[in-house]
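Everything on this sheet refers to the single structure shown next.
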Amino acid sequence: MIITYSEDDLLLLSGIQHFAYCERQWALIHIEQQWLENVRTVEGRHLHERVHNPDLVEKRGDLLVARSLPIVSWRLGLYGMMDLVEFRQVGSDQGGIKLPNREGVWLPKPVEYKRGKPKTDDRDEVQLCAQAIC
């Protein structure tokens, strides 16, 4: 039996990183909707504003770069916005997907922008993995 979620039950993908870091932080932000900006969050928001330009699609050889790509998984109950996805054109024997208005088969690779130093735990990788399986 496949379970699907209603739109009201979907969870924000960015919340996975919050949950992996601290369940209380996740609840404050995503359930109680309590959020205070600080210097780091403002810098992160500005970084994402520059990255999230859905009108900017780059094509270089066999590489197609799409920004601000909305995704949803009704089966997993997740939705969000991908910062950037690199699609590399591959042979049909290498897997991949078909893209609207594009010839051939494309292998997607999600890219998530984060501000600051790499984390010592795996919370960012958990979020990226969830994006990839959506």
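Under my numbering, think of the first position of the sequence shown as 5, with each following residue one higher. Glycine included, every Cβ here is placed at the ideal spot set by N, Cα and C.
Less than 9 Å between the beta carbons of M85 and L73, yes or no? Their beta carbons are under 9 Å apart, which means M85 touches L73 by this criterion.
Scan the stretch 40-104 and note each continuous alpha helix (DSSP H) run of 4 residues or more that stays entirely inside, going in chain order. 43-55
Same chain, Cβ closer than 6 Å to F91, five either side skipped, listed in chain order: L68, W110 and P112
Output the boundary residues of the alpha helix (DSSP H) element that contains L132. R127 to I137
Supposed close pair Q29, Q131 - CB separation, criterion 8 Å: Actually they are not in contact, since the Cβ atoms of Q29 and Q131 sit about 14 Å apart, beyond 8 Å.
Can you find the residues in the same chain that come closer than 8 Å, C-beta to C-beta, to D13, ignoring five residues on each side of it along the sequence? Closer than 8 Å at the Cβ level, and outside the excluded window around D13, lie G81.
What three-state label does DSSP hand L32 in the structure shown? helix
If you draw a straight line from the C-alpha of R127 to the C-alpha of S18, how long is it? 10 Å
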